[in-house]
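Just so we're aligned: the sequence shown equals residues 567 to 658 in our numbering.
Each residue gets a CB set at the ideal place from its N, CA and C atoms; glycine is no exception.
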Amino acid sequence: MEFRQIRYFLEIHRAGSYVRAAGNLGLTQPALSRQISMLERELDARLFERGARSLRLTPQGVTFLDYAVRLDDLWREAYEVLNQDHSRQLMG
Numbered sequence: 567m568e569f570r571q572i573r574y575f576l577e578i579h580r581a582g583s584y585v586r587a588a589g590n591l592g593l594t595q596p597a598l599s600r601q602i603s604m605l606e607r608e609l610d611a612r613l614f615e616r617g618a619r620s621l622r623l624t625p626q627g628v629t630f631l632d633y634a635v636r637l638d639d640l641w642r643e644a645y646e647v648l649n650q651d652h653s654r655q656l657m658g
């Protein structure tokens, strides 16, 4: 699993569609679909259910969403802490 796949998953959920998420991420829809398919294979779980005009999380997707949000929050927190430490070193 790659961290970018987690970010892609979160963006699809936020955007409500693969097409919108792909545009927001600067990817093509097929490339985004491939990344999510790889993530689903690795997790052995289907994360999204696509209908004719709808996209929703599966029960496994709902479970994964909680973890994905926490992982993303932790990554952002670590990034901020590391950048603060780096800034202090440059100024000190």
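I'd like the span of the beta strand (DSSP E) that includes residue i, first residue to last.
{"i": "Glu615", "result": "614-616"}
Going by other Cβ atoms of all chains shown within 10 Å of its Cβ, with 16 needed for buried, is residue i buried or exposed?
{"i": "Gln650", "result": "exposed"}
{"i": "Phe569", "result": "exposed"}
Measuring straight from C-alpha to C-alpha, what distance separates residue i and residue j?
{"i": "Leu609", "j": "Gly617", "result": "22 Å"}
{"i": "Ser620", "j": "Arg612", "result": "16 Å"}
{"i": "Gly589", "j": "Val647", "result": "30 Å"}
{"i": "Leu605", "j": "Arg636", "result": "17 Å"}
{"i": "Val628", "j": "Glu615", "result": "11 Å"}
{"i": "Thr624", "j": "Leu593", "result": "24 Å"}
Per the DSSP calculation, residue i is bridged to which residue(s)?
{"i": "Leu609", "result": "Per DSSP, none; premise fails for Leu609."}
{"i": "Ser623", "result": "Ser is not the amino acid found at residue 623; the sequence shown has Leu there. Note: Leu623 sits in a beta bridge opposite Phe614."}
Would you kindly report the start and end of the unbroken alpha helix (DSSP H) that includes residue i?
{"i": "Leu576", "result": "569-581"}
(request) Assess, as a yes-or-no matter, whether the stretch 640-648 is touched by the stretch 580-590 under the definition of 3 or more beta carbon pairs within less than 8 Å. (result) no
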